[in-house]
Amino acid sequence: MRLTNVSVSIVIAASIILGSAVVAGAISLRSIFQYRPAKVWKFVAQGGTWGQVNRPTAGARFKGELPRGEHAVQLYSLGTPNGMKVTCLLEELNLAYGLEYDAWYMGIGSSELQQFSTGFVQANPNSKIPALLHYSDPNNDNDSKRTTLPTRVFESAAIVMHLCEQFDVDQQFLPPVGDPRRPECLSWLFWTHGSAPFLGGGFGHFYHYAPVKLRYAIDRYTMETKRQLHVLEQHLSGQVIPNTVGEELQLQASPFAGGPFLCGSQMTIADLCCYPWYGRLVQGRMYGASAEFLQVSRYPHVLAWAERMIQRKGVQRGCMVNRSKGDPNLPGILKERH
Numbered sequence: 074m075r076l077t078n079v080s081v082s083i084v085i086a087a088s089i090i091l092g093s094a095v096v097a098g099a100i101s102l103r104s105i106f107q108y109r110p111a112k113v114w115k116f117v118a119q120g121g122t123w124g125q126v127n128r129p130t131a132g133a134r135f136k137g138e139l140p141r142g143e144h145a146v147q148l149y150s151l152g153t154p155n156g157m158k159v160t161c162l163l164e165e166l167n168l169a170y171g172l173e174y175d176a177w178y179m180g181i182g183s184s185e186l187q188q189f190s191t192g193f194v195q196a197n198p199n200s201k202i203p204a205l206l207h208y209s210d211p212n213n214d215n216d217s218k219r220t221t222l223p224t225r226v227f228e229s230a231a232i233v234m235h236l237c238e239q240f241d242v243d244q245q246f247l248p249p250v251g252d253p254r255r256p257e258c259l260s261w262l263f264w265t266h267g268s269a270p271f272l273g274g275g276f277g278h279f280y281h282y283a284p285v286k287l288r289y290a291i292d293r294y295t296m297e298t299k300r301q302l303h304v305l306e307q308h309l310s311g312q313v314i315p316n317t318v319g320e321e322l323q324l325q326a327s328p329f330a331g332g333p334f335l336c337g338s339q340m341t342i343a344d345l346c347c348y349p350w351y352g353r354l355v356q357g358r359m360y361g362a363s364a365e366f367l368q369v370s371r372y373p374h375v376l377a378w379a380e381r382m383i384q385r386k387g388v389q390r391g392c393m394v395n396r397s398k399g400d401p402n403l404p405g406i407l408k409e410r411h
């Protein structure tokens, strides 16, 4: 077959492009796998879903006030697992006591960055959702003499404890001081608060969001996520913890182990904060095909607990609030609630 001058030119151009791509790829891979930290770190904008959001500095980036509705409780959040912790409790409090609240949608992606407004930074200097303002006076725009400042609460664990202390008069969701279930509840509440970053910022980021898939990072955080799921599985199963130290020693489970909830028979804020992360994970509601990747069928007691949680009306409603995209397993979304 004879090649025309045009054909030869095309072949040469394609070879150059392909060669350039190979060289660029090699350089990129080399920069990834042969990275050596400098003596002093310098900021370089990252790629990926959240790359344009992250900076090494805190504080507001633009002026903007937070809206205020008519209710005493004003929530500024997004329908992520951390946001769902609070909205699930608020919906449970609504069903139990009739508590009303306003939930404002906060877009935190690269095109919105609402968490960096002056108003939001005043509510949460860490610029993370959720943030809550609790007013003691009614919202009356015609009252020019209103000077009472709201109580601000940030960090999801602090918010749910504040809401229980203020509104859970029957102590349905946070056992009272002196009740042995209270330290168990707080232990699991803060276990979730300390463990979930390894699941979300670790496993979820490197498995699902990161623009480059690094086996070392994925293996590291997959191992930790599966270990955490095993912690929950052992607790919810109520079985004697197996001995792995080579001695004839049996470690007895907690008297509140065995379910149906984390503190035994009482569903508490520990469950409401744990479900949005670990319950939704094993139900396949997060990070693409991660449930199959993690072999969640190996955690049957966690799966059963997750199903009990999502059957609660308050949890169903809480998982819909401040969502911009629907969950096919839920009836709909509620971007804002007033």
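Be aware that the sequence shown starts at 74, since it is given in my numbering, and climbs by one per residue. Backbone N, C-alpha and C fix where the C-beta goes; we use that ideal spot for every residue, glycine too.
Same chain, Cβ closer than 7 angstroms to residue i, neighbours up to 5 away in sequence not counted
i      : result
Thr130 : none
Gly405 : Met393 and Gly399
Met382 : Asp344, Tyr348, Gly352 and Val388
Leu287 : Phe279
Gly132 : Val194
Simplified DSSP assignment, three categories, for residue i
i      : result
Tyr37  : Since the first and last residues shown for the chain are 74 and 411, residue 37 lies out of range.
Tyr360 : coil
Arg410 : strand
Arg396 : coil
Gly275 : helix
Tyr184 : It is worth fixing the name first, because residue 184 is Ser in this sequence and not Tyr. Three-state DSSP puts Ser184 in coil, outside helix and strand.
Val126 : coil
Gln339 : strand
Tyr108 : coil
Ala169 : helix
Leu403 : coil
Val159 : helix
Ser200 : coil
Trp350 : helix
Asp243 : coil
Val285 : coil
Pro154 : helix
Val95  : Interpretation of Val95 is limited by its pLDDT of 40, a score under 50 that renders its predicted location unreliable; the figure taken from the coordinates is listed afterwards. In the structure shown, Val95 sits in a helix (DSSP, three-state: H, G or I).
Ser370 : helix
Val355 : helix
Sequence-distant residues of its chain with Cβ nearer than 6 angstroms to residue i (five each side left out)
i      : result
Phe329 : Glu257, Cys336 and Gly337
Val394 : Thr160, Ala176, Leu407 and Arg410
Pro140 : Trp177
Leu205 : Leu148, Val226 and Ile232
Tyr208 : Ala145 and Pro223
Arg396 : Gly152 and Ile406
Thr265 : Cys346 and Cys347
Endpoints, alpha helix (DSSP H) assigned at residue i
i      : result
Ser229 : Ser229 to Phe240
His308 : Arg288 to Ser310
His266 : Arg254 to Pro270
Val375 : Pro373 to Ile383
Ala196 : Thr191 to Ala196
Lys386 : Lys386 to Gly391
Run of the beta strand (DSSP E) containing residue i, from where it starts to where it stops
i      : result
Leu206 : Ala204 to His207
Identified DSSP bridge partners for residue i
i      : result
Val146 : His207
Thr224 : His207
Phe135 : Ser190
Phe334 : Gly337
Chain C within 7 angstroms of residue i, Cβ atoms only
i      : result
Pro373 : Given the protein chain composition of this structure (a single chain), no chain C is represented.
Chain-order list of residues whose beta-carbon lies under 8 angstroms from that of residue i (same chain, five-residue window excluded)
i      : result
Phe276 : Ile291, Tyr294, Thr295, Glu297, Thr298, Tyr360 and Ser363
Lys136 : Ser190 and Thr191
Ile202 : Tyr149, Ser150, Leu151, Thr153, Asn155, Gly156, Met179, Ile181 and Gln188
- Quick check: the stretch 141-159 against the stretch 339-355, are there 3 or more CB pairs under 8 angstroms? Yes: at least three Cβ pairs fall under 8 angstroms.
- Answer yes if the stretch 282-294 comes into contact with the stretch 374-391, meaning at least three C-beta pairs across the two stretches below 8 angstroms, and no otherwise. Contact fails: fewer than three Cβ-Cβ distances are below 8 angstroms.
- Task: Specify whether the stretch 228-248 and the stretch 183-190 touch according to this definition: at least 3 beta carbon pairs, one from each stretch, less than 8 angstroms apart.
- Result: Cβ pair count under 8 angstroms is below three, so no.
- Message: If contact is defined by three or more beta carbon pairs under 8 angstroms, each pair taking one atom from either stretch, is the stretch 356-367 in contact with the stretch 270-286?
- Response: These segments touch.
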